[in-house]
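If you're matching positions, the sequence shown starts at 76 in our numbering and goes up one per residue. Read the structure below first, then the notes.
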Amino acid sequence: MLYRSTRSDGKSVDSMKAVLEGLSPDGGLYMPAIFPEAPDLYRSLIGKTFAETAEAVFSLFLNDFDDIPGIVKKAYSGKFDTPEITPLKKVGDRFVLELFHGPTSAFKDVALSALPVLMSEAVRKTGSGKDVLILTATSGDTGKAAMEGFKDVDRIRILVFYPDGGVSPIQEKQMTSQEGQNLAAVAVRGNFDDAQTAVKSVFKRIAKEGWSGECRTDLSSANSINVGRLVPQIVYYFKAYSDLVGMGEITVGDEVDFTVPTGNFGDILAGFFAKKLGLPVRKFILAANENDVLSDFIETGRYDKNRPFYRTSSPSMDILVSSNLERLLFLLSGGDASYVKGLMEELAETGVYEVTDEIFRKLQEEFSAGSADDVETAETIREVYDRYGYLIDPHTAVAWFVSTVEMLRSETKVPNVVLSTASPYKFPKDVLNALGEIADPDPFAVMSQLEKKTGTKAPENLRNLSGKPVRFRDVIDREEIFDYVVKYAMEGRK
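Shown next as structure tokens:
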């Protein structure tokens, strides 16, 4: 499988190099040079396990890796608290795809259990002699999942940047207390977009100028801009469809809807990839919080990041510049790299771009969208718990709210699968307050309150955080990120 940049028609690279580089040297994202065709794939995966489904998907997109069954086994064996990996639950009149059963209780675990294995194999096979430094900006969940996945992996180091005060206390403690000798987490004054933009600029500057000194380090990313992060997320869309068939809720060939809470557009894009491979999906329903730049884009065809930024109860979606949307634009434009590059330049210069009428028409065919504010989010958490006895986190609540609106207005009635991206215990204060209780100021005491209130149990990995010492305390301005990266890279060569 060859990959090319979304911003140029230059030479292609194989999947191993695309995973290692993460971001194309020209600032674009890697996309398949020719998107694979597999219209009957979903039929062949009915009744298959998660691992078998992953092997089939990986084989399409990552076929330069030799032992895909071995990679899948190493990625997922013994890391999740259920053998199903991503179980599907019926809740009321819809279905919840639980993506939070991994080692950090967030959906990022599905991809970030596989990426370190893929990257380690790529480092071994390429034999360049260089170490790899992974730079990651996180709005909350990616950071911990990446640090956990890459912990003490040979010849790979990871540096995570997160918005200071812009993640939940549990998410921050997960990162700042992470064990491992090859990693660090740094708070950045500002929001996620500030951190993400600064990290991308490091890639561009190093690609243009190179390292100073004898660094001998390659940069890569664990964000969903890396195809090695994106491909594993395709898997659970096929698995959810298979489970619906197995539950007797649909017959093979029936269409379904997926409602996806998203900020950086990676998770929902993976679903769109699944549809391009033949999965029968009627609509992808994009769910945004008050930072509703993506839902506005789907509804108008105009992307405008020049708007107020809100810190919400669903912080992993507090994003105004959605990186993976670039890949969708590439697909919908028929692979027109010059067109995509022009849009990205407009976004960088003015904060705004508008797609053609033809691309807007395609957007409307494939997607619908909506948003929920914090009040609606809290009301939804309470309503779902009171009505069904099912506890959801704020991100899932945003999706549930938007799915309700979509189901009411849609003339075509099909099963609706809501993606649940995090355990409610990652945001215990907001969840407990939504249930009408006054939360203790201590986030770990709040976990106990939530357990007592609902009769549910906090994941062990979160409950055990309380006594872990904080290892990383640095707080920097976004302008300091480049120098911080260079210093960290040089220290790794000592």
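Quick reminder that beta carbons are idealized off the backbone N, C-alpha and C, glycines included.
Asked                                                                                                                                                                                       : Found
Output the residue ranges of the beta strand (DSSP E) runs that lie fully inside the stretch 146–231 and measure 3 residues or longer, sorted by chain position.                            : 163–166, 169–173, 206–212
Suppose contacts are defined by Cβ-Cβ distances below 8 Å. Is S523 in contact with R169 by that definition?                                                                                 : no
Of all the options V94, Y312, S188, which has the alpha carbon lying nearest to the alpha carbon of K200?                                                                                   : V94
Report the three-state DSSP secondary structure of D342 (helix, strand or coil).                                                                                                            : helix
Here's the rule I'm using: 16 or more other beta-carbon atoms within 10 Å means buried, otherwise exposed. How should T425 be labelled?                                                     : exposed
If you reduce the DSSP assignment to three classes, tell me which class Y465 lands in.                                                                                                      : coil
Expressed to the nearest angstrom, what Euclidean distance is found between the alpha-carbon atoms of T529 and D449?                                                                        : 21 Å
With 8 Å as the threshold, decide whether the Cβ of F340 is near any Cβ in chain B.                                                                                                         : The structure shown has no chain B; it contains just one protein chain.
Give me the DSSP bridge partner(s) of F235.                                                                                                                                                 : Checking the sequence shown, residue 235 turns out to be Val, not Phe. Paired residues: T211, A260.
When DSSP builds the beta bridges, which residues end up paired with R377?                                                                                                                  : E429
Is it buried or exposed for N586, if we count other Cβ within 10 angstroms and need 16 for buried?                                                                                          : With the chain represented from 76 up to 569, any question about residue 586 goes unanswered, as that position is not in the structure.
Going by Cα to Cα distance, which pick from I394, T251, K123, F442 is closest to L407?                                                                                                      : F442
What alpha helix (DSSP H) runs, 4 residues minimum, are completely inside the stretch 449–522?                                                                                              : 449–463, 469–484, 503–509
So what's F66 in DSSP terms, helix, strand or just coil?                                                                                                                                    : Since the first and last residues shown for the chain are 76 and 569, residue 66 lies out of range.
In chain order, what residues of the same chain lie with their CB nearer than 8 Å to the CB of I434, ignoring the 5 residues before and after it?                                           : G376, L404, L407, S408
Given this structure, state the Cα-to-Cα distance separating D367 from G204, to the nearest angstrom.                                                                                       : 44 Å
Please list, in chain order, all residues of the same chain as E454 whose beta carbon is under 7 Å from its beta carbon, the five residues on each side excluded.                           : none
First and last residue of the beta strand (DSSP E) that includes Y78?                                                                                                                       : 77–80
Please state whether DSSP places F442 in a helix, a strand or coil.                                                                                                                         : strand
Determine the extent of the beta strand (DSSP E) in which V550 is found, giving its start and end residues.                                                                                 : 550–552
Is P244 helix, strand or coil when you go by DSSP?                                                                                                                                          : helix
Please go through the same chain and pick out, in chain order, the residues whose beta-carbon is closer than 6 Å to the beta-carbon of F476, but skip the five residues on each side of it. : A447, E451, T455
Can you find the residues in the same chain that come closer than 6 Å, C-beta to C-beta, to V430, ignoring five residues on each side of it along the sequence?                             : G376
Could you pull the start and end residues of the alpha helix (DSSP H) that K562 belongs to?                                                                                                 : 556–566
Per DSSP, what kind of secondary structure is F333 in: helix, strand or coil?                                                                                                               : strand
At a threshold of 7 Å, does A150 count as lining the ligand ZN (C-beta to nearest heavy atom)?                                                                                              : Absent from the structure shown: the ligand ZN. Ligands present: none.
I think A186 touches R304, with their Cβ atoms under 8 Å apart; what is that distance to the nearest whole Å?                                                                               : 5 Å
So, using beta-carbon positions, are D184 and A129 closer together than 8 Å?                                                                                                                : no
Looking only at its own chain, which residues have a Cβ that is under 7 Å from the Cβ of P100, when we skip the five neighbours before and after it?                                        : A282
Taking DSSP as the reference, what is the three-state secondary structure of K358?                                                                                                          : strand
Can you list, in chain order, the residues of its chain with a C-beta nearer than 6 Å to that of P162? Leave out the 5 residues immediately preceding and following it.                     : E173
Please return the same chain residues whose Cβ sits closer than 7 Å to the Cβ of K415, not counting the five positions on each side in sequence.                                            : With the sequence shown as reference, residue 415 is identified as Val, and Lys is not the correct amino acid for it. T81, R82, E401, L404, F405, S408, listed in sequence order.
Quick check on the burial criterion: 16 or more other C-beta atoms within 10 angstroms. Buried or exposed for S397?                                                                         : buried
In this structure, does DSSP put V302 in helix, strand or coil?                                                                                                                             : helix
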